[in-house]
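Chemist: Residue numbers (my numbering): 23 to 812.
Built from N, CA and C at the ideal position, the CB exists for glycine as well.
Pasting in a structure now, in structure tokens, and then I'll have a few things to ask.
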Amino acid sequence: MQYNKILSIVFLCSFFAFRAFAQQNTNLNGLVADQSGKSVPGVLIKISPVSKGLVTDADGKFSINLPSNRNYTLDFSFMGFEDLSKNISLGTETHTMSITLADDTNDLEEFTVLGKSELKEIRERAFNVEVVDARKLHHTNLDLGHALDRVSGVRVRESGGVGSRMNFSLNGFSGKQVKFFIDGIPMDDFGTSFQLNNIPINLAERIEVYKGVVPIGLGADALGGAVNIVTKNVQKNYVDVSYSYGSFNTHRTVINTAYVGKSGFTVQLNAFQNYSDNNYWIDVDVADIETGKYYPDQRVRRFHDTYHNETVIAQLGVQGKPYADKLLIGLTAGKNYSEVQTGARLVTVFGDWHRKGTILMPTFKYQKRNLFVSGLDVNVNANYNFGSEQNIDTVNRRYNWFQQYKEYDVPGGERSYTLYKFNNNNAVFTANAHYNFGRVHTIAVSNVFNSFNRIGSDALNPDNDRYEEPRRSQKNITGLSYQLNWEEEASISAFTKIYNQTNYFTMSYNPSGEYGDVAYRNERENFTYPGFGITGSYFVTGNIQVKASFERSYRLPEPEELFGDMVNLQGNLDLQPETSYNYNAGVSIYKQLNSDHRLDVSANGFYRDAKDFIRPRLNNNQTMQVMDNLYSVTNIGVEGEVRWTYRDLLSAGANITYQNLRNNTEFEEGQTIPSIVYRDRVPNMPYLFGNGDFSVMLKDLLGKGNDLNFGYNLLYVHAFYLYWPSLGSEKFDVPEQLSHDVNVTYTTGDKGRLQLIAECRNILDSKLYDNFSLQKPGRSFSGKIRYFIY
């Protein structure tokens with residue numbers, strides 16, 4: 023009943039908004055081409071006097087609705103071409119125009135302008151979204167995970183160095199509560215060979231971080247946000263190659279290249295590798311393996327933490343055809359090797375246990391604007407991961423941090439004595455369509471289907487029937503939305519989603535009732551829930567925009583949470599779907615102080631009211647983590663960011679986030695007295711953190727086209743509890759953390775094709791912690807060389 027009332031209010035608001043904003047408009051269509059007649063995609067078009075802007079599509083076409091019976095000036099700009107202005111008089115009939123751009127050799131400044139325009143267009147959407155311009159970080163050694171760690175409201179937490187297990191937190195929601203996409207395709211269960219902290223930043227062109235409400239086109243069960251990694255929209259031939267070497271014997275190589283023929287035939291290749299010994303120093307208490315003598319606060323090296331991965335992403339197909347703007351088939355192939363150094367805490371140490379993983383994933387991508395009728399845009403994507411994971415633990419030894427060990431003669435392992443190898447057999451299919459009609463209306467529908475089926479065997483235990491037990495899960499999320507736009511000054515969007523999940527597994531039971539009698543039976547469970555929401559934005563002035571949104575979202579348990587990851591995460595088949603009421607409100611101010619100075623300021627407030635909140639805790643013997651439901655959790659918080667730029671020479675910015683995540687479960691199951699941890703701050707979750715950065719560009723330092731850039735980044739995390747404050751003491755606190763990073767980039771060569779980079783992270787060698795006191799790397803140095811040709 024409540025659901026129907028809210029939907030009625032949503033659509034009534036939309037109807038009255040339409041009545042208020044609707045007016046007589048006319049459609050303006052056009053095509054932009056070069057002097058040879060070839061269409062030019064990505065051209066920036068500014069329209070005066072209405073202060074509007076848009077970008078040409080993959081076919082060089084553009085279309086926009088404008089008020090009728092008025093005169094306009096259209097300014098066209100794109101790298102490699104001279105700027106062009108056209109004056110038109112728009113009546114009541116559809117107007118079509120053709121534009122030809124002349125070549126220009128000076129393309130660097132136009133490239134910068136285009137990038138800013140694209141990012142600004144995304145930031146000004148009705149959603150609470152922040153955009154990372156990944157191109158500005160291509161000269162660094164950052165991976166996607168560490169690049170996101172600089173975004174307000176985001177904390178990226180790792181259990182160690184390169185390739186270690188990563189946990190992503192956004193406005194208090196973490197792990198699988200936040201969904202990840204690459205070009206709009208869910209990254210669910212891509213395997214350990216394809217994670218954010220082993221994908222180089224060079225793979226991305228930009229990263230969109232949605233806080234709270236997620237666009238219907240990214241259809242998934244995100245509880246409170248999503249991250250969409252947008253790769254390069256290939257239109258021209260290019261090569262981009264880089265190699266870096268750094269502390270702890272760390273090597274990184276990236277190759278990105280593409281060929282685009284005049285016919286539209288396209289071949290794209292992305293390849294990267296990471297290798298590290300991860301043998302950094304840590305401080306830990308050690309007991310002698312033979313005598314048991316205790317040595318507190320010892321400084322030792324990690325000795326069994328080598329990681330490497332290699333990945334190739336190949337795609338081929340066509341672009342700019344009448345039947346498809348983009349049609350690509352591809353294959354992602356890769357492998358990784360990871361030594362397991364510790365358990366969930368440093369008190370557990372291993373010396374031989376390791377893992378292997380592969381990814382073998384065919385892909386299909388199809389995009390078409392104006393399919394069959396004008397205004398109907400369709401996207402279809404599909405992939406299937408045949409990759410495998412193997413857990414190798416066959417040496418029966420017990421290690422300490424001095425690398426001493428005690429070996430036992432009987433067969434066994436450091437934890438489980440296994441050669442278990444499994445395939446998760448994960449399939450993802452997504453389809454979405456947007457239909458623009460009546461000049462200001464858009465209806466969108468999306469569907470995401472995900473299938474998981476873990477099949478495995480153990481050569482050391484070939485007759486173990488447990489490996490034949492079903493571990494299957496299927497999810498389907500269907501969404502429908504309606505959006506109203508009015509001259510890009512205001513917009514409102516209402517949506518609804520249907521979440522469905524079916525899980526297949528085996529449960530133990532006692533068939534006779536006698537002590538010790540255990541049998542197993544196959545089970546099937548199904549969840550279906552409706553979600554809904556509304557979001558809107560309004561430009562108070564041309565420089566001030568306000569946004570607000572509300573949603574009721576669901577997040578269905580992931581297969582890894584249900585069945586475990588076979589390393590440090592124990593499965594929990596009792597997990598229930600979590601739900602949350604999410605509220606967001608924010609303001610953004612874009613101010614061009616004068617021709618040289620620009621100031622951007624934003625602030626956002628959020629409130630989350632979650633039920634059956636899924637969070638990690640240590641299992642009973644504190645050797646592994648396990649996901650568990652916490653009945654009720656609330657989170658109220660604020661975040662803010664300010665950025666100042668002076669031409670393209672100086673830039674400085676800072677952001678800060680405060681979140682008050684509290685246990686709102688007053689009575690635990692079966693209890694009649696209030697819980698001792700009622701209204702406690704949820705443990706092992708940072709609540710105050712921020713970033714600061716500063717960069718200086720010295721142009722033409724040692725000659726024309728030779729530029730020197732200096733960059734600095736600060737990370738701050740306030741101290742936080744590992745355990746419930748009412749049950750623990752200050753000794754369990756993770757201490758306050760402050761880390762400083764610097765980098766220097768020298769750009770030279772024809773059109774700046776060659777870059778030489780030096781970087782130092784954690785320059786003061788501070789002790790940094792993330793998960794249950796697991797220490798992260800200290801000071802590290804790296805050098806990088808990058809060469810690119812367009």
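1. Closer than 8 Å is the cut-off here; do at least three beta carbon pairs connect the segment 718-726 with the segment 745-764?
2. Which residue spans inside the segment 336-377 form an unbroken alpha helix (DSSP H) run of at least 4?
3. In the segment 147-203, which residue ranges form an unbroken beta strand (DSSP E) of at least 3 residues, counting only runs that do not cross its ends?
4. Thinking just about the alpha-carbon of each residue, which of N651, T667, V764 and F732 is nearest to the one in Q199?
5. Just verifying my parser: in three-state terms, what is the DSSP assignment at I807?
6. Between the C-alpha atoms of Q295 and N220, what's the straight-line distance to the nearest angstrom?
7. Sort K258, R274 and T118 by Cα distance to Y265 and report the nearest one.
8. In the DSSP assignment, find the unbroken beta strand (DSSP E) run with E411 in it and report its ends.
9. Less than 8 Å between the beta carbons of N447 and G478, yes or no?
10. Could you tell me if K519 is buried or exposed, where buried requires 16 or more neighbouring beta carbons within 10 angstroms of its beta carbon?
11. Report yes if the C-beta distance between T767 and H161 is below 8 Å; otherwise report no.
12. Compare the Cα-Cα distances from Q505 to each of E663, S111, P237 and N109 and report the closest residue.
13. If we count the other Cβ atoms within 10 Å of its Cβ and call it buried at 16 or more, is F98 buried or exposed?
14. Buried or exposed: where does M209 fall if 16 or more other Cβ atoms within 10 Å of its Cβ makes it buried?
15. List in chain order: all unbroken beta strand (DSSP E) runs of 3+ residues lying wholly within the segment 671-738.
16. Can you have a look at L130 and say buried or exposed, based on whether 16 or more other CB atoms are within 10 angstroms of its CB?
17. Relative to the C-alpha of N604, which candidate in K233, S70 and L50 has its C-alpha closest?
18. When the distance is taken between beta carbons, is G712 closer than 8 Å to I658?
19. Comparing alpha-carbon positions, which option in I69, N418 and E436 lies nearest T95?
20. Drop a sphere of 10 angstroms on the beta-carbon of M119, count the other beta-carbons inside from all chains shown, and report buried for 16 or more, exposed for fewer.
21. Mark G800 as exposed unless 16 or more other C-beta atoms lie within 10 angstroms of its C-beta, in which case mark it buried.
22. Leaving out five residues before and five after F203 in sequence, what residues of the same chain have Cβ atoms less than 8 Å from its Cβ?
23. Take R630 as the anchor and find which of F195, F287, V176 and A780 has the nearest alpha-carbon.
24. Would you say G183 and M646 are within 8 Å of each other, going by their C-beta atoms?
25. What is the rounded straight-line gap between the Cα of L398 and the Cα of E582?
26. Can you give the beta carbon distance from Y734 to V764, rounded, assuming they're within the 8 Å contact cut?
27. Evaluate Q45 with the Cβ neighbour count: other Cβ atoms within 10 Å of its Cβ, from every protein chain shown; 16 or more gives buried, anything less gives exposed.
28. Please report the Cβ distance between S360 and Y329, rounded to the nearest whole angstrom; I am assuming they are in contact, meaning their Cβ atoms lie under 8 Å.
29. Tell me whether R639 sits in a helix, a strand or coil according to DSSP, three-state version.
30. The alpha helix (DSSP H) spanning L652 covers which residue range?
31. Check whether the segment 338-352 and the segment 367-387 are in contact - that is, three or more C-beta pairs closer than 8 Å.
32. Would you tell me roughly how many angstroms separate the C-alpha atoms of I785 and F803, rounded to the nearest one?
33. Under 8 Å, do D299 and N278 count as touching if we go by C-beta distance?
34. What distance in whole Å lies between the Cβ atoms of I223 and L291, which are believed to be in contact at a cut-off of 8 Å?
35. Which of the three DSSP states, helix, strand or coil, is assigned to R92?
36. Rounded to the nearest angstrom, how far is the Cβ of E152 from that of G75, given a contact under 8 Å?
Modeler: Straight from the coordinates:
1. No contact exists between the segment 718-726 and the segment 745-764.
2. Under the rule that a run must span 4 or more residues, no alpha helix (DSSP H) segment is found entirely inside the segment 336-377.
3. The qualifying runs are 151-155, 176-180 and 188-192.
4. Here residue 199 refers to the residue found at position 177 when the sequence shown is read from its first residue. For the set N651, T667, V764 and F732, the Cα lying nearest the Cα of Q199 is the one of N651.
5. Taking the first residue of the sequence shown as position 1, residue 807 is located at position 785. DSSP places I807 in strand when its eight states are reduced to three.
6. Residue mapping note: residue 295 aligns to position 273 of the sequence shown, counting from 1. Residue mapping note: residue 220 aligns to position 198 of the sequence shown, counting from 1. Distance between the alpha carbons of Q295 and N220 is about 8 Å.
7. One-based indexing of the sequence shown puts residue 265 at position 243. Considering only alpha carbons, the answer is R274.
8. Translated into the one-based positions of the sequence shown, residue 411 becomes position 389. Here the beta strand (DSSP E) through E411 covers S410 to I414.
9. For this step, residue 447 is matched to residue 425 along the sequence shown. For this step, residue 478 is matched to residue 456 along the sequence shown. Result no, Cβ atoms of N447 and G478 do not sit closer than 8 Å.
10. What you label residue 519 is simply residue 497 of the sequence shown in a count that begins at 1. Counting of Cβ neighbours within 10 angstroms places K519 among the buried residues, the total reaching 16 or more.
11. Residue 767 sits at position 745 when you count from the first residue of the sequence shown. Residue 161 sits at position 139 when you count from the first residue of the sequence shown. The Cβ atoms of T767 and H161 lie closer than 8 Å to each other.
12. On the sequence shown, residue 505 is found 483 positions in, with the first residue counted as 1. Ranked by Cα distance from Q505, the first of E663, S111, P237 and N109 is P237.
13. On the sequence shown, residue 98 is found 76 positions in, with the first residue counted as 1. Classification of F98: buried, given that the 10 Å Cβ count is 16 or more.
14. Counted from its first residue, the sequence shown places residue 209 at position 187. Buried.
15. Entirely contained in the segment 671-738, the beta strand (DSSP E) runs reaching 3 residues are, in chain order, 672-685 and 710-720.
16. Here residue 130 refers to the residue found at position 108 when the sequence shown is read from its first residue. Since pLDDT at L130 reaches only 33, below the 50 mark, its modelled position is unreliable, and the value read off the structure follows with that caveat. Under the 10 Å beta carbon count, L130 is surrounded by fewer than 16 other beta carbons and is classified as exposed.
17. Here residue 604 corresponds to residue number 582 of the sequence shown, with the count starting at 1. Nearest option by C-alpha distance: K233.
18. As a first step, residue 658 is located in the sequence shown; it is residue number 636 there, counting from the start. As a first step, residue 712 is located in the sequence shown; it is residue number 690 there, counting from the start. No, Cβ-Cβ distance for I658 and G712 is not below 8 Å.
19. One-based indexing of the sequence shown puts residue 95 at position 73. Closest by alpha carbon: I69.
20. Sequence index remark: in the sequence shown, residue 119 carries index 97 (1-based). So M119 counts as exposed.
21. Along the sequence shown, read from residue 1 onward, the residue named residue 800 stands at position 778. Buried is the call here.
22. What you label residue 203 is simply residue 181 of the sequence shown in a count that begins at 1. Here the set comprises M209, L240, A242, A248, V249, N250 and I251.
23. Numbered from its first residue, the sequence shown carries residue 630 at position 608. Looking at the Cα atoms, F195 is the closest of the given residues.
24. Translated into positions along the sequence shown, residue 183 becomes position 161. Translated into positions along the sequence shown, residue 646 becomes position 624. In this structure, M646 does not lie closer than 8 Å to G183 by Cβ.
25. Taking the sequence shown and counting its residues from 1, one reaches residue 398 at position 376. Taking the sequence shown and counting its residues from 1, one reaches residue 582 at position 560. If you take the alpha carbons of L398 and E582, they lie about 37 Å apart.
26. Along the sequence shown, read from residue 1 onward, the residue named residue 734 stands at position 712. Along the sequence shown, read from residue 1 onward, the residue named residue 764 stands at position 742. Between V764 and Y734 the Cβ distance is about 5 Å, and since that is below 8 Å, they are a contact.
27. For this step, residue 45 is matched to residue 23 along the sequence shown. For Q45, the predicted model reports a pLDDT of 46, less than 50, meaning its position is unreliable; a value from the coordinates is still stated below. Its Cβ having fewer than 16 others within 10 Å, Q45 is exposed.
28. Residue 360 sits at position 338 when you count from the first residue of the sequence shown. Residue 329 sits at position 307 when you count from the first residue of the sequence shown. Rounded, the Cβ-Cβ distance is 5 Å, consistent with contact.
29. Here the question's residue 639 lines up with position 617 in the sequence shown. Strand.
30. Taking the first residue of the sequence shown as position 1, residue 652 is located at position 630. Note, L652: premise wrong, no alpha helix (DSSP H); beta strand (DSSP E) at Q647 to Y668.
31. In the pairwise beta carbon analysis, the segment 338-352 is classified as touching the segment 367-387: at least three pairs are separated by under 8 Å.
32. To locate residue 785, count along the sequence shown from 1; it is residue 763. To locate residue 803, count along the sequence shown from 1; it is residue 781. Approximately 9 Å between the Cα atoms of the pair.
33. As a position in the sequence shown, residue 299 is number 277, starting the count at 1. As a position in the sequence shown, residue 278 is number 256, starting the count at 1. No, they are not a contact pair.
34. Working through the sequence shown from its first residue, we reach residue 291 at position 269. Working through the sequence shown from its first residue, we reach residue 223 at position 201. L291 to I223, Cβ: 18 Å. No contact.
35. Against the sequence shown, residue 92 aligns to sequence position 70. Three-state result, R92: strand.
36. Taking the first residue of the sequence shown as 1, we reach residue 152 at position 130. Taking the first residue of the sequence shown as 1, we reach residue 75 at position 53. Rounded, the Cβ-Cβ distance is 20 Å, inconsistent with contact.
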